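Numbers 0 to 579, taken from numbering that gives the first Met the number 0, label the letters of the sequence shown in order.
Heads up: the structure comes next, in structure tokens.
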Amino acid sequence: MFWISIVFFMSGLSALVYQLLWMRHLGFIFGNTVYASAIVLTFFIVGLAIGSHVFGRFSEKMRNPVKGFAWLEIAVAAYALAMPWMFELIKVVYMLAYRHVSDNMVFLTSLRFVLAFLILMFPTICMGGTLPVLIRGMARDDEGFGRRLGWLYGVNTLGAVVGVFLSGFYLIPMIGLTNTNILAVSTDVVAGIGAFLLARRHLVPEAGREPLRAPFHWSTFSNPARVALGFTMICGFVSLALEVIWFRALILVFGSTTYSFTVMLGVFLLGIGLGSLLIAPLLDRVKSLLPLLAVTVAAIGAYTLWSMHRFDAGPEFLIDYLYQNGFSWPAMNRARFFIAVSHLAVPALLFGAAFTIATRLVRHETSSSSGTTGLVYALNTVGAVAGSFIAGFIMLPNIGMERSLLVLATVLLVSGGLALTIWSRVAVLRLAAFGLTVALVVYSAFFPPSWNKSMLAAGAYFGPFNFIRDGENVFREMVAGDRMIHYQESLSSTVSVHIGDNEEKYFCVDGKTEADQSARSMVLQRMIGHLPTLFHPNAKSGVNIGLGAGVSFGALGCHPLDHLEVVEINPAVQFATRTW
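Spelled out as structure tokens, the structure:
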């Protein structure tokens with residue numbers, strides 16, 4: 000297990016580096032809009048789900064699953080090595096299509112789906128198959144299954160954490176995309192060769208081929224196993240939904256940068272990996288796992304509700320921490336980490352534990368470790384795809400971040416509380432679970448978290464030193480002196496308009512001031528519109544990219560142009576401009 004753990008750690012590391020690299024490359028081609036990023040992420044996750052389910056079944060035919068795992072790693076590495084040329088090919092295809100049908104968004108979106116599917120399906124299916132195949136080789140017996148599953152899943156996820164932090168903070172900025180890809184491929188090749196050596200030297204036992212079992216059917220499982228499978232999908236759904244929404248919310252506290260995304264993703268994966276590792280030693284000892292699973296799920300909901308009440312204290316903490324550490328860049332990243340940990344680490348840790356508990360529970364009723372792992376992993380991943388889509392495209396634009404988190408937390412709290420009430424064998428525990436669940440739901444309904452949106456939209460991260468006066472943090476006082484007259488959470492950002500204590504308006508996107516009515520700023524905004532037309536000898540048409548507060552567009556419209564357009568990718572900006 001020691002050497003296999005090292006190999007699987009390297010596999011997780013390279014997989015997350017690949018994911019970040021491929022999303023970056025496809026962003027260059029498709030754009031970095033919410034829709035384009037969602038398409039890429041969706042197919043990445045779908046490929047993992049397909050691979051886990053397919054290889055979960057067919058790994059039973061492998062005589063030496065560890066060797067099969069090695070082949071999967073080598074296949075992914077070879078494919079990743081050829082990825083740069085594939086990106087160039089789909090870039091040419093997409094450019095040709097765009098030149099002829101740029102006004103047909105339905106066709107272009109469909110083309111993105113097809114191209115993303117073609118380029119991502121093979122490697123992601125192979126990646127998804129690695130866990131069930133390795134489980135087939137290292138934990139095929141029911142005895143000790145939970146401990147080994149939790150260990151392998153946790154180690155692989157911790158490898159992913161290292162991959163996220165290495166690529167986000169060091170590799171991509173220091174050696175570039177191409178060299179980072181070569182390094183990830185080399186890591187994958189080493190993992191594959193290492194697995195080959197372990198298998199050939201018989202350091203891991205051969206499993207032997209078995210007849211391929213019929214696919215699992217819902218009716219073959221007991222009620223506790225069905226509940227566990229249901230929780231698997233719910234946890235997958237809510238975990239990605241919470242990730243999407245918390246990411247959007249935390250951007251208001253410490254800014255929308257690559258480093259912010261790296262920190263948040265790394266913390267979330269770190270929690271999942273540690274949760275799986277910590278729960279692993281208990282799984283083969285606890286006889287009644289469903290109550291433990293129910294408590295875990297309910298605890299995620301309860302913690303989310305609690306952390307929501309503390310969320311708008313984040314900007315003040317950020318300013319205090321930066322002031323105490325000299326407003327340095329390392330201090331900013333540490334502050335991001337601490338804030339992300341306070342909201343993401345505990346739910347992620349419990350999600351990692353819940354996945355492992357559910358898989359152990361279902362394994363009790365099946366004769367296939369790899370099949371069980373593939374099934375649970377696939378269901379969890381399908382839920383994750385749905386959660387990412389619904390949170391990003393339905394919940395956020397329609398009910399906002401606060402209510403979305405409240406709904407998701409309530410779903411977990413109620414489902415976990417009801418399951419504990421029904422399936423707990425101890426009467427006192429059943430009564431306590433029911434009473435506590437009802438109390439928390441009622442409290443949340445009558446006393447929901449109420450964020451100070453003015454504090455969140457003030458952009459504390461952008462000029463934190465502006466909120467220090469005579470060595471004191473005056474952030475709250477300065478925000479109280481302004482009036483927020485517009486606030487809207489859109490699909491891609493949060494837009495707000497404020498009136499300062501000098502009665503001048505300022506316009507913000509994700510807390511960053513984009514325009515204000517000071518004399519200096521108004522001159523700057525107008526000159527952006529005037530200068531191009533003044534320098535052009537006979538301009539006939541003009542385009543303003545980025546509406547902003549509309550001042551530059553207004554200046555451009557003062558000139559005798561035959562045709563004038565403005566391009567803005569965020570619909571919420573036009574509503575904010577009307578208040579200007």
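Beta carbons: idealized from backbone N, C-alpha and C, even for Gly.
No experiment lies behind these values; they were computed from the predicted model shown.
Among Leu546, Arg577 and Leu395, which has the Cα closest to the Cα of glutamate 564?
Position 565 of the sequence shown, counting from 1, holds the residue named residue 564. That would be Leu546, whose Cα lies nearest to the Cα of glutamate 564.
Given a threshold of 16 other Cβ atoms within 10 Å of its Cβ, counted over all protein chains shown, does alanine 554 qualify as buried or as exposed?
Residue 554 sits at position 555 when you count from the first residue of the sequence shown. Buried, because 16 or more other Cβ atoms sit within 10 Å of the Cβ of alanine 554.
Segment limits, beta strand (DSSP E) that includes valine 566:
Here residue 566 is taken as the residue at index 567 of the sequence shown, counted from 1. Counting along the chain, the beta strand (DSSP E) containing valine 566 begins and ends at 562-566.
Whether leucine 239 touches serine 341 by CB criterion (8 angstroms):
Position 240 of the sequence shown, counted from the start, is the residue given in the question as residue 239. Position 342 of the sequence shown, counted from the start, is the residue given in the question as residue 341. Contact flag unset, no.
Do you know how far the Cα of alanine 279 is from the Cα of leucine 264?
Here the question's residue 264 lines up with position 265 in the sequence shown. Here the question's residue 279 lines up with position 280 in the sequence shown. The alpha-carbon atoms of leucine 264 and alanine 279 are separated by roughly 23 angstroms.
For the beta strand (DSSP E) holding methionine 483, just list the boundary residues, first then last.
Residue mapping note: residue 483 aligns to position 484 of the sequence shown, counting from 1. Counting along the chain, the beta strand (DSSP E) containing methionine 483 begins and ends at 482-488.
Span separating the alpha-carbon of glutamine 516 from that of methionine 307:
Locating residue 516 in the sequence shown gives position 517, where the first residue counts as 1. Locating residue 307 in the sequence shown gives position 308, where the first residue counts as 1. Roughly 34 angstroms between the two C-alpha positions.
In the DSSP assignment, what are the bridge partners of isoleucine 3?
In the sequence shown, residue 3 corresponds to position 4, counting from 1. Residue pairing of isoleucine 3 in beta bridges, as defined by DSSP: absent, with no partner found.
Heavy atom of the ligand ADP within 7 angstroms of proline 570 beta-carbon
The ligand ADP is absent from the structure shown, which contains no ligand whatsoever.
What span of residues does the alpha helix (DSSP H) with phenylalanine 121 cover, start to end?
As a position in the sequence shown, residue 121 is number 122, starting the count at 1. For phenylalanine 121, the enclosing alpha helix (DSSP H) has its first and last residue at 104-137.
Same chain, Cβ closer than 6 angstroms to isoleucine 171, five either side skipped, listed in chain order
Here residue 171 is taken as the residue at index 172 of the sequence shown, counted from 1. Counting only Cβ-Cβ distances below 6 angstroms, and skipping sequence neighbours, we find Thr179.
Which value, in whole angstroms, describes the spacing of the CA atoms of valine 39 and methionine 22?
Within the sequence shown, numbered from 1, the residue matching residue 39 stands at position 40. Within the sequence shown, numbered from 1, the residue matching residue 22 stands at position 23. Using only the alpha carbons, I get a separation of about 7 angstroms.
Outcome for proline 448 when other beta-carbon atoms lying within 10 angstroms are tallied against a minimum of 16:
For the purposes of this step, residue 448 is taken as residue 449 along the sequence shown, with counting starting at 1. Flag for proline 448 reads buried.
Nearest to arginine 580 (by Cα), restricted to the options Lys511, Lys539 and Val550:
Residue 580 lies beyond the stretch modelled for the chain, which goes from 0 to 579, so this question has no answer here.
Tell me the DSSP secondary structure of aspartate 509 in three-state form.
Numbered from 1 along the sequence shown, position 510 holds the residue referred to as residue 509. Here aspartate 509 sits in coil by DSSP.
Taking the C-alpha atoms as reference points, what is the distance between tyrosine 322 and tyrosine 302?
The sequence position of residue 322 within the sequence shown is 323, counting from 1. The sequence position of residue 302 within the sequence shown is 303, counting from 1. Straight-line measurement puts the Cα of tyrosine 302 at about 29 angstroms from the Cα of tyrosine 322.
Does the Cβ-Cβ distance between leucine 12 and valine 161 come in under 8 angstroms?
Against the sequence shown, residue 12 aligns to sequence position 13. Against the sequence shown, residue 161 aligns to sequence position 162. Yes, the Cβ-Cβ distance between leucine 12 and valine 161 is below 8 angstroms.
Assuming the contact rule is C-beta atoms closer than 8 angstroms, glycine 351 and threonine 156 should be a hit. Round their C-beta distance to whole Å, please.
As a position in the sequence shown, residue 351 is number 352, starting the count at 1. As a position in the sequence shown, residue 156 is number 157, starting the count at 1. Rounded, the Cβ-Cβ distance is 7 angstroms, consistent with contact.
Please check the pair threonine 129 and phenylalanine 68, which I expect to be a contact at CB under 8 angstroms, by giving their CB distance rounded to whole angstroms.
Within the sequence shown, numbered from 1, the residue matching residue 129 stands at position 130. Within the sequence shown, numbered from 1, the residue matching residue 68 stands at position 69. Confirmed, Cβ separation roughly 6 angstroms.
Candidates Arg147, Val252 and Ala48: closest to alanine 457 by CA position:
Translated into positions along the sequence shown, residue 457 becomes position 458. Ranking the options by Cα distance to alanine 457, first place goes to Val252.
By Cβ distance below 7 angstroms, which residues in the same chain neighbour serine 403 in space, the five residues on each side in sequence not counted?
Counting from 1 along the sequence shown, the entry for residue 403 is found at position 404. Closer than 7 angstroms at Cβ, skipping near neighbours: Ile244, Ala390, Met394 and Leu395.
From Phe121, Trp70 and Asp140, pick the residue whose C-alpha is nearest to that of alanine 198; which is it?
Here residue 198 refers to the residue found at position 199 of the sequence shown. Ranking the options by Cα distance to alanine 198, first place goes to Trp70.
Flag this pair as touching only if the region 479-487 and the region 260-274 have three or more C-beta atom pairs under 8 angstroms; answer yes or no.
Touching, no.
Can you tell me the Cα-Cα spacing of valine 508 and valine 494, whole angstroms?
If you number the sequence shown from 1, residue 508 lands on position 509. If you number the sequence shown from 1, residue 494 lands on position 495. So the alpha carbons of these two residues sit roughly 5 angstroms apart.
Under 8 angstroms between C-beta atoms of glutamate 401 and tryptophan 328
Looking up residue 401 in the sequence shown gives position 402. Looking up residue 328 in the sequence shown gives position 329. No, these two residues do not count as a Cβ contact at 8 angstroms.
With a CB to CB cut of under 8 angstroms and the five nearest residues on each side skipped, what residues in its chain are close to aspartate 500?
Numbered from 1 along the sequence shown, position 501 holds the residue referred to as residue 500. Same-chain partners within the cutoff: Gly480 and Asp481.
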